[in-house]
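Structure first, then comments.
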Amino acid sequence: MLVIIDYGAGNIRSVINAFRFIGSDVRISCDPADFRQAEGLILPGVGASGYAMRKLAPFAEKICNEVRAGKPLLGICLGFQLLFDESHELGVTRCLGLIGGRVIPIPQGRTIPHMGWNYVEAPDTMRLMNGLKPGRHFAFVHSYYAEVADADAIVARVEYEQLTMAAAIEKGNLFGCQFHPEKSGDDGLQMLRNFVEICRERR
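Here my numbering is used: the first residue of the sequence shown is 1, the next is one more, and so on.
Here's what the structure looks like:
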């Protein structure tokens, strides 16, 4: 069983529909007992990081403990940004601190938000991208991006108006993507299948 963490920050329905479409046993919960029983955790989200971290506060440490114990976690969009040390969105917000780095605004002079389909360049060692053909494109919508400072993280990148940004990361059992795999067609669904398989390997 996988658990989608329900903390009131959007896009949960589309995520659960995508996992169910690929045949995954998934439930929505904010109960730490379910976090412990789950094979893997999914942290979705849209909106502002400060609001999201306030909603996550009652069980943020429980989530971090599960990850530190080896449980796979996939952060999507805002959930990806919350994996880092801090976000500079409407002030400075301390985030989960599972990946070294910070989230900052896309610089002025570019079209904001970054919205639409873009090609993602990923290292061959990135397990989330297993089985994806060259030319993979994913659906983005965001105004802030992650500066990854963690030397141990494997990073996939996207080019947007002469700005190179982190599109996805992996570090051990921790995974995240700035784009929305649940809205990215066959390539996005394959990524979710890859995450499910990673969770099963841990049994």
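By construction, the Cβ of each residue, glycine as well, lies at the ideal position given by its N, Cα and C atoms.
The three-state secondary structure of G50, taken from DSSP, is helix. Taken through DSSP and simplified to helix, strand or coil, V103 comes out as strand.
In the structure shown, the three-state DSSP call for C95 is coil. Inclusion of P44 and I4 in the CB contact set at 8 Å is warranted, their separation being smaller than that value. For M165, the uninterrupted beta strand (DSSP E) segment begins and ends at L163 to K171. Annotated three-state conformation of D6 is coil, per DSSP. Listed as beta-bridge partners of A139 by DSSP are W117. A149 places its beta carbon 8 Å or farther from that of G97. CA-CA distance, A146 to N130, rounds to 23 Å. For F19, the enclosing alpha helix (DSSP H) starts and ends at I12 to F21. According to DSSP, residue pairing for R157 in a beta bridge involves E121 and A166. Less than 8 Å divides the Cβ of D152 from the Cβ of K171.
CA-CA distance, A166 to A9, rounds to 22 Å. Distance from the CA of S184 to the CA of A33, rounded to the nearest whole angstrom, comes to 31 Å. Beyond the five residues adjoining it in sequence on each side, V92 comes within less than 7 Å, by CB distance, of E86 in the same chain, given in chain order. Each of Q178, L174 and D124 was checked against the Cα of A139, and the nearest Cα belongs to Q178.
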